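A.B. asks: Number 85 in UniProt numbering belongs to position 85 of the sequence shown; there are no gaps in the numbering.
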Amino acid sequence: MFIGEEKKTTWSERTSKLGKKHKCKRVQTLYIFKCDSCSEKFIRPRGSIEVKRLTDFYKHVCAKCDPKKFAQQQGVKQRKLLDMPVSSTKRVSDF
1 MFIGEEKKTT
11 WSERTSKLGK
21 KHKCKRVQTL
31 YIFKCDSCSE
41 KFIRPRGSIE
51 VKRLTDFYKH
61 VCAKCDPKKF
71 AQQQGVKQRK
81 LLDMPVSSTK
91 RVSDF
């Protein structure tokens with residue numbers, strides 16, 4: 001689940017050819033997610049995530065969880081939902 005974005009500023013100092021020291025500023029944009037498998041918060045840099053994936057329509061899994069196992073579980077849930085007959089009395093929200 002996408003929670004939001006955060007900007008992280010880091011300062012460094014570099015020396016020019018003439019020996020002068022200059023301060024350099026770097027602003028890094030980080031995206032904050034909540035793992036859909038274990039519900040733990042995790043952070044990813046903006047460069048490693050496509051903008052279209054920043055919605056709750058997509059599932060997000062942290063590095064501690066197994067993404068392939070999670071994807072298989074989601075596929076089973078979706079298959080159960082799609083294979084259900086129309087005349088069934090079960091609610092869709094129960095799956």
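Every residue gets a Cβ at the ideal spot worked out from N, C-alpha and C, and that includes glycine. Treat the numbers as computed from the prediction; the structure is a model and nothing was measured.
Helix, strand or coil: how does DSSP classify Leu-82 here?
C.D. replies: DSSP places Leu-82 in helix when its eight states are reduced to three.
A.B. asks: Look up Lys-41 in the DSSP assignment and say whether it is helix, strand or coil.
C.D. replies: In this structure, Lys-41 counts as strand in the three-state DSSP scheme.
A.B. asks: Starting from Lys-69, follow its DSSP beta bridges and name the residues at the other end.
C.D. replies: For Lys-69, which the question treats as bridged, DSSP gives no partner whatsoever.
A.B. asks: Leaving out five residues on either side along the sequence, give the residues of the same chain with a beta carbon under 6 Å from the beta carbon of Lys-7.
C.D. replies: Hits under 6 Å: Val-27 and Thr-29.
A.B. asks: Would DSSP call Lys-20 helix, strand or coil?
C.D. replies: Lys-20 falls in the coil class under three-state DSSP.
A.B. asks: With distances taken Cα to Cα, identify the nearest neighbour of Ser-48 among His-60, Lys-80 and Cys-38.
C.D. replies: Answer by Cα proximity: His-60.
A.B. asks: Alpha carbon to alpha carbon, what distance is there between Gln-73 and Cys-65?
C.D. replies: Going by the C-alpha atoms only, they are around 13 Å apart.
A.B. asks: Would you decide whether Phe-57 is buried or exposed? Buried here means 16 or more other CB atoms lie within 10 Å of its CB.
C.D. replies: Counting Cβ neighbours within 10 Å, Phe-57 comes out exposed, since fewer than 16 surround it.
A.B. asks: Please go through the same chain and pick out, in chain order, the residues whose beta-carbon is closer than 6 Å to the beta-carbon of Phe-70, but skip the five residues on each side of it.
C.D. replies: Ser-37 and Val-61, listed in sequence order.
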